Amino acid sequence: MPNKKTSVPFTGTAEQEAKLKAVIEAQKGQVGATMPVMQAAQEIYGYLPEEVQIMIAEGLDIPLTEVYGIASFYSQFTMNPKGKINIAVCMGTACYVRGAGDILDDISQKVCCKSGEITDDGKISVEATRCIGACGLAPVLTINDDVYGKLNRGEIEPVIDRYIEEEAKGKA
Amino acid sequence: MNFVRNHILVCGGTGCVAAKSKEIIEEFNLQLQKHGLENEAKVILTGCFGLCALGPIVVVYPEGSFYSEIKVENIAEIVEEHILKGRVVEKLLYQETVKEDSIASLNETGFYKKQMRISLRNCGVIDPENIDEYIAFDGYEALAKALTAMTPDEIVEEILKSGLRGRGGGGFPTGLKWKFAAKEQNDVKYVCCNADEGDPGAFMDRSVLEGDPHNIIESMAIAGYAIGASQGYIYVRAEYPIAVERMQHAIKQAKEYGFLGNNIFGTGFNFDLEVRLGAGAFVCGEETALMMSIEGQRGEPRPRPPFPAVKGLFGKPTVLNNVETFTNITWILLHGAEAFQAIGTEKSKGTKVFALGGNITNTGLVEVPMGITLREIVEEIGGGVPNGKAFKAAQTGGPSGGCIPTHMLDIKIDYDSLMAVGSMMGSGGLIVMDEDSCMVDIAKFFLDFTVEESCGKCTPCRIGTKRMLDILEKISEGHGTLEDIDALEELSAHIKENSLCGLGQTAPNPVASTLHHFRDEYLAHVNEHRCPAGVCKNLLQYFIQQDKCIGCTLCQRVCPTAAIAGEVKKPETFEVIQDKCIKCGACIDKCKPKAIIKK
Numbered sequence: 004m005p006n007k008k009t010s011v012p013f014t015g016t017a018e019q020e021a022k023l024k025a026v027i028e029a030q031k032g033q034v035g036a037t038m039p040v041m042q043a044a045q046e047i048y049g050y051l052p053e054e055v056q057i058m059i060a061e062g063l064d065i066p067l068t069e070v071y072g073i074a075s076f077y078s079q080f081t082m083n084p085k086g087k088i089n090i091a092v093c094m095g096t097a098c099y100v101r102g103a104g105d106i107l108d109d110i111s112q113k114v115c116c117k118s119g120e121i122t123d124d125g126k127i128s129v130e131a132t133r134c135i136g137a138c139g140l141a142p143v144l145t146i147n148d149d150v151y152g153k154l155n156r157g158e159i160e161p162v163i164d165r166y167i168e169e170e171a172k173g174k175a
Numbered sequence: 101m102n103f104v105r106n107h108i109l110v111c112g113g114t115g116c117v118a119a120k121s122k123e124i125i126e127e128f129n130l131q132l133q134k135h136g137l138e139n140e141a142k143v144i145l146t147g148c149f150g151l152c153a154l155g156p157i158v159v160v161y162p163e164g165s166f167y168s169e170i171k172v173e174n175i176a177e178i179v180e181e182h183i184l185k186g187r188v189v190e191k192l193l194y195q196e197t198v199k200e201d202s203i204a205s206l207n208e209t210g211f212y213k214k215q216m217r218i219s220l221r222n223c224g225v226i227d228p229e230n231i232d233e234y235i236a237f238d239g240y241e242a243l244a245k246a247l248t249a250m251t252p253d254e255i256v257e258e259i260l261k262s263g264l265r266g267r268g269g270g271g272f273p274t275g276l277k278w279k280f281a282a283k284e285q286n287d288v289k290y291v292c293c294n295a296d297e298g299d300p301g302a303f304m305d306r307s308v309l310e311g312d313p314h315n316i317i318e319s320m321a322i323a324g325y326a327i328g329a330s331q332g333y334i335y336v337r338a339e340y341p342i343a344v345e346r347m348q349h350a351i352k353q354a355k356e357y358g359f360l361g362n363n364i365f366g367t368g369f370n371f372d373l374e375v376r377l378g379a380g381a382f383v384c385g386e387e388t389a390l391m392m393s394i395e396g397q398r399g400e401p402r403p404r405p406p407f408p409a410v411k412g413l414f415g416k417p418t419v420l421n422n423v424e425t426f427t428n429i430t431w432i433l434l435h436g437a438e439a440f441q442a443i444g445t446e447k448s449k450g451t452k453v454f455a456l457g458g459n460i461t462n463t464g465l466v467e468v469p470m471g472i473t474l475r476e477i478v479e480e481i482g483g484g485v486p487n488g489k490a491f492k493a494a495q496t497g498g499p500s501g502g503c504i505p506t507h508m509l510d511i512k513i514d515y516d517s518l519m520a521v522g523s524m525m526g527s528g529g530l531i532v533m534d535e536d537s538c539m540v541d542i543a544k545f546f547l548d549f550t551v552e553e554s555c556g557k558c559t560p561c562r563i564g565t566k567r568m569l570d571i572l573e574k575i576s577e578g579h580g581t582l583e584d585i586d587a588l589e590e591l592s593a594h595i596k597e598n599s600l601c602g603l604g605q606t607a608p609n610p611v612a613s614t615l616h617h618f619r620d621e622y623l624a625h626v627n628e629h630r631c632p633a634g635v636c637k638n639l640l641q642y643f644i645q646q647d648k649c650i651g652c653t654l655c656q657r658v659c660p661t662a663a664i665a666g667e668v669k670k671p672e673t674f675e676v677i678q679d680k681c682i683k684c685g686a687c688i689d690k691c692k693p694k695a696i697i698k699k
């Protein structure tokens, strides 16, 4: 997936930093600690921006290139923040032959945001994921933690509208 | 222990959970309480039943009534009619089990009749979160037998004799792998389970991890005893949160019961297990890359030899098997190598689980004896292609496999036959494609995947697959030449010969097999600039069906390039000026009588 550098500024809190430091302290010196620390960091911040990668490298006393190398290697690590509404379309083979490509195009067009990116206001992000193993429901996508399966073209747009509405209400 | 009158089994596989099986369980408990039946019937969340197309699935015992596509609002009726009054709610049953005057057994339905369950024997039968249920189904008996009545050598011999081959794709004899590792002299050895199921369209490992986690634990402990290892790792994809959770829960239970830890069964044998999470890299399914990842590095493969059995995880002798391979171990020890050998073909023994998906009626998980024909799987078990469309190809082996065309439907499913037609067994994804699938597009889809997932360590794979993808894109846009097809074949051969790991070596397979079996389609794209299946967008043309057109001119008004000719209220004059059309699709979206088509 494309990992374009985000335009959304980093907004980590002191509380998050303390949490990450605790994780680093607990894992430091153990064999193969880098990946578990990075997984925990992504859990804390939701993504791994440069600022967080530097904290990990310094904390574990390893080169930043090593952290970046791992972050860019594994598709689970993202250097972009996820939107408040994160739409993930499964691009496994079963979903693809049932038209997941068209559905992803439709969604990208609707929310004005390409796969792997986030809207400028930070509200919606769209991604194409690897097979999520729900091939019986193909084509399938998830919005935040909710799964929508057996979709036809045009069915998901009203659902996205509902999320946008709810998100707006939550703010008001 | 309390005895209950009815057991209500609710499928907890991924598909069914996504279709709200958790809510269904809550509603069942609520309804049972309402009727004061909470001590008469017990609700159990099980692993996958296999027939994902008809989820969520609920099975009520002792009758064995198989309810399909159940909604929360159906629960009240099932409890009131079936549980309270003993009347099966026929209209909610899987209709194939409903006969005129009786209810047929599930094993007589098309989907289950030809299946044979070894790997999945406990999935959909027991509660995966309850170790006692696993024990009740002969669980940990194989481990007890191994530790108390067999020597490590005898176990290796038994597995060798069974003829079991690796189910992750390569098909290497499992017993041989164990024998090599057992032979090594080293104080520290490891057993690893490859649960990094990256093949898109395969979900059998996920179903076993979620539906029968103790089976993996038991088999890994047996492997540890056989080769002399006391530590194991299960490498699971992070994309499978339910599997990770159930596996960790199962390990905890096994430790409490003394099936893991020190001095198991008082024999002095120690074995411990740890779960490690993957982070989404397809190449980590390759054994050496997987071990690099467990060590916390970029998951890049390294050259073999030395093989992992000699020098593996942390530089120590290691046995690494796939989830499905491990599920066979306990069965073989309990039933004997002869029983296992009796199933399957000469060189491929036992059963294989396939994830049936794509354009097929019964999508889901099936386990069949080796040697069954592809036709039996697609037509009888899978129920054929839906919506009256024609079967075009079956894809096996994921990004490492190939497409099998219609005239080869009678091919026997085993390692060697599939290899012979340019595909491979792979981990068991079986995607059916109908006439609407374009083979150039499918090849492009897999190459796109490979390019994205190539780790970049060796040049043939990193650059070769990228070049192949470029050419495929050119062809699908209508700019391909016959030389391009030659170049594809040449590149395929080079990448196959020169790549470092198995993934690179098999990456050209989707292209090579479609070029071989569907050459006509490539030629149509190149010579006629036409996509016979109507998929490749650049090669489609728009047409106005004048008999449906009402002459409203809406299409003319939205067309950005004035590519539609026609006079108002004269449908017979409307047509698309192909030279001007940029195929944006604006007209199709606006046309009310749906008179515009693309082909």
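Keeping their order, the protein sequence lines are chains A and B.
Count along the first sequence from 1, add 3, and you get the number used in the working numbering.
Count along the second sequence from 1, add 100, and you get the number used in the working numbering.
Glycine included, each C-beta is placed from N, C-alpha and C at the ideal position.
If you're wondering where the values come from, they're calculated on a predicted model, not measured in any experiment.
Item: Output, in sequence order along the chain, the residues in the stretch 260 to 288 of chain B whose CB is closer than 8 Å to any CB in chain A.; Value: none
Item: Enumerated in chain order, which unbroken segments of the beta strand (DSSP E) with a length of 3 residues or greater are wholly contained in the stretch 576 to 600 of chain B?; Value: none
Item: Mind listing the chain A neighbours of tyrosine 340 (chain B)? Cutoff is C-beta to C-beta under 9 Å, in chain order.; Value: Ile135, Gly136
Item: Consider the Cβ of isoleucine 394 (chain B): report whether some Cβ of chain A lies at a distance smaller than 8 Å.; Value: yes
Item: I want to verify the contact list: residues of chain B whose CB lies under 7 Å from the CB of tyrosine 248 (chain A), in sequence order.; Value: Outside the displayed range of chain A (4 to 175) lies residue 248 (chain A), so it cannot be described from this structure.
Item: Considering only residues of the same chain and omitting the five flanking positions on each side of lysine 245 (chain B), which have a CB-CB separation below 8 Å?; Value: Leu433, Leu434
Item: Can you list, in chain order, the stretches of the alpha helix (DSSP H) that have 4 or more residues and sit fully within the stretch 58 to 126 of chain A?; Value: 67 to 76, 96 to 100, 103 to 114
Item: When the distance is taken between beta carbons, is proline 228 (chain B) closer than 8 Å to glycine 311 (chain B)?; Value: yes
Item: Taking 8 Å as the CB-CB cut-off, is glycine 115 (chain B) touching chain A?; Value: yes
Item: Is there contact here, the stretch 657 to 672 of chain B with the stretch 617 to 629 of chain B, by at least three beta-carbon pairs under 8 Å?; Value: no
Item: With a cut-off of 8 Å on the beta carbons, I'd call leucine 109 (chain B) and valine 158 (chain B) a contact; round off their distance for me.; Value: 7 Å
Item: Closer than 7 Å between beta carbons: that is the criterion. Which residues of the stretch 515 to 542 of chain B meet it against chain A?; Value: Gly529, Ile531, Met533, Ser537
Item: Can you pull the chain A residues whose beta carbon is under 9 Å from the beta carbon of glycine 152 (chain B), in chain order?; Value: Residue identity check: residue 152 (chain B) is cysteine in the sequence provided, not glycine. By Cβ distance, chain A contributes Ala137, Cys138, Gly139, Leu140.
Item: Based on the DSSP secondary-structure assignment, which residues constitute the bridge partners of glycine 766 (chain B)?; Value: Lying outside 101 to 699, the shown extent of chain B, residue 766 (chain B) is not represented and no answer is given.
Item: Which term fits histidine 507 (chain B), buried or exposed, when burial requires 16 or more other beta carbons within 10 angstroms of its beta carbon?; Value: exposed
Item: Taking the DSSP output, what are the residues bridged to leucine 145 (chain B)?; Value: B:Val110
Item: Name the chain A residues that come within less than 8 Å of glutamine 353 (chain B), Cβ to Cβ?; Value: In chain order: nothing, as chain A lies at least about 23 Å away.
Item: With a threshold of 8 Å between beta carbons, is glutamine 495 (chain B) in contact with chain D?; Value: Here chain D cannot be found, since the structure's protein chains are A and B.
Item: Between which two residues does the beta strand (DSSP E) holding isoleucine 373 (chain B) run?; Value: Just to set this straight, residue 373 (chain B) is leucine in the shown sequence, not isoleucine. Note, leucine 373 (chain B): beta strand (DSSP E), 369 to 377.
Item: Would the beta-carbon of cysteine 111 (chain B) fall within 8 Å of that of leucine 465 (chain B)?; Value: no
Item: Under 9 Å Cβ-Cβ, which residues of chain B neighbour threonine 37 (chain A)?; Value: Gly396, Gln397
Item: Taking DSSP as the reference, what is the three-state secondary structure of glycine 157 (chain A)?; Value: coil
Item: Mind checking whether isoleucine 688 (chain B) and glutamine 645 (chain B) have CB atoms under 8 Å apart?; Value: no
Item: Which ranges would you report for the beta strand (DSSP E) in the stretch 627 to 660 of chain B if only whole runs of at least 3 residues count?; Value: 642 to 644
Item: Just list the residues that DSSP pairs cysteine 292 (chain B) with in beta bridges.; Value: B:Tyr333, B:Leu420
Item: Return helix, strand or coil for glutamine 33 (chain A), following the three-state DSSP convention.; Value: coil
Item: How far does the alpha helix (DSSP H) with histidine 690 (chain B) in it extend, from its first residue to its last?; Value: For clarity, residue 690 (chain B) is lysine in the given sequence; the question names histidine instead. Lysine 690 (chain B) -> alpha helix (DSSP H) spans 686 to 690.
Item: Which value, in whole angstroms, describes the spacing of the CA atoms of methionine 391 (chain B) and glutamate 374 (chain B)?; Value: 14 Å
Item: Residue range of the alpha helix (DSSP H) that phenylalanine 549 (chain B) falls in?; Value: 539 to 553
Item: Who are the Cβ neighbours of threonine 673 (chain B) in its own chain at under 6 Å, not counting the five residues just before and after it?; Value: Gly666, Glu667
Item: Starting from the C-beta of glutamine 30 (chain A), find all residues in its chain whose C-beta is less than 7 Å away, skip the five residues before and the five after it, and write them out in chain order.; Value: Ala36, Pro39, Val40
Item: What first and last residue would you give for the alpha helix (DSSP H) that runs through aspartate 232 (chain B)?; Value: 231 to 236
Item: Can you tell me whether alanine 141 (chain B) is buried or exposed? The criterion is at least 16 other CB atoms within 10 Å of its CB, across all chains shown.; Value: buried
Item: From the beta carbon of alanine 175 (chain A), is the nearest beta carbon of chain B less than 8 Å away?; Value: For alanine 175 (chain A), the predicted structure reports a pLDDT of 49, less than 50, and the residue's modelled location is therefore unreliable. A value from the coordinates is still provided. Taking Cβ atoms only, chain B never reaches closer than 8 Å to alanine 175 (chain A), which makes this a no.
Item: Beta strand (DSSP E) containing lysine 512 (chain B): first to last residue?; Value: Note, lysine 512 (chain B): premise wrong, no beta strand (DSSP E); not H, not E.
Item: Give the DSSP-derived three-state secondary structure of tyrosine 212 (chain B) in the structure shown.; Value: helix
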